[in-house]
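First the structure, in the form of structure tokens, and then the observations on it.
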Amino acid sequence: MLGRKSSRAPLKPMCIPRLELNGTLLLARVYAILCNCLKEHVINIYAWTGSQVVLFWLSAPPRKWKPFVANRTSEILDIIPHNNWYYVPTKENPADLGSRGMPPKDLPDYRLWWEGPPWK
97 MLGRKSSRAP LKPMCIPRLE LNGTLLLARV YAILCNCLKE HVINIYAWTG SQVVLFWLSA
157 PPRKWKPFVA NRTSEILDII PHNNWYYVPT KENPADLGSR GMPPKDLPDY RLWWEGPPWK
């Protein structure tokens with residue numbers, strides 16, 4: 097299963113790493129819901145992020161960070177352990193197409209969107 101949420105930034109300005117962290121938290125919460133629905137059918141999880149900063153935050157104990165990051169990383173790691181998180185570069189990330197200006201009319205012919213990166 098693949099999923100992505102594209103949205104606008106909140107009205108109050110927030111730095112990009114914090115926005116990425118919020119997106120990562122959303123992914124973890126959706127995963128938790130799916131696990132609850134699928135029960136014993138969930139075998140392995142591979143969670144991907146395009147943010148090296150978020151991966152760095154997830155690599156250390158949440159208590160190391162200030163409250164905003166600590167609270168979110170704690171919840172994320174309670175759902176998906178650190179060793180299940182991986183980095184995907186922007187050029188290989190189909191989820192980034194929506195925020196990189198790809199017109200919807202071009203998606204039918206774009207292999208990355210339909211097939212994912214070549215290394216998948």
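For the sequence shown, this note's numbering assigns the number 97 to the initial residue and increments by one for each residue that follows. Note that the Cβ used here is the ideal one computed from N, Cα and C, for glycine as well.
So residue i and residue j are in contact, right, with Cβ under 8 Å, and what is the actual spacing, rounded?
i: T120; j: V165; result: Not a contact, Cβ separation roughly 11 Å.
i: A143; j: I112; result: That pair is no contact at about 19 Å.
i: I141; j: N180; result: 5 Å
Rounded to a whole number of angstroms, what is the C-alpha to C-alpha distance between residue i and residue j?
i: L193; j: P214; result: 16 Å
i: L208; j: K187; result: 9 Å
i: P157; j: D202; result: 42 Å
i: K160; j: L173; result: 14 Å
i: T169; j: E136; result: 25 Å
i: M198; j: S147; result: 20 Å
i: H178; j: K162; result: 19 Å
i: L123; j: F152; result: 17 Å
i: V107; j: N118; result: The question names Val, but residue 107 is Leu in the sequence shown. Each residue's Cα considered, the two are about 15 Å apart.
i: S155; j: N167; result: 14 Å
i: R114; j: V138; result: 29 Å
i: R125; j: M110; result: 21 Å
i: R196; j: Y206; result: 14 Å
Just to confirm the assignment, what range does the beta strand (DSSP E) spanning residue i have?
i: T120; result: Premise fails: T120 lies in the alpha helix (DSSP H), I112 to L134, not in any beta strand (DSSP E).
i: W144; result: A143 to T145
i: W181; result: W181 to Y183
One question on the structure: do residue i and residue j come within less than 8 Å of each other, judged by their Cβ atoms?
i: E171; j: T145; result: no
i: P185; j: G212; result: no
Between which two residues does the alpha helix (DSSP H) carrying residue i extend?
i: W153; result: Q148 to L154
i: P163; result: P163 to I175
i: W215; result: From DSSP, W215 is part of no alpha helix (DSSP H); its letter is neither H nor E.
Are the C-beta of residue i and some C-beta of chain C separated by less than 8 Å?
i: A191; result: Looking at the structure shown, chain C is missing, and only one protein chain is on hand.
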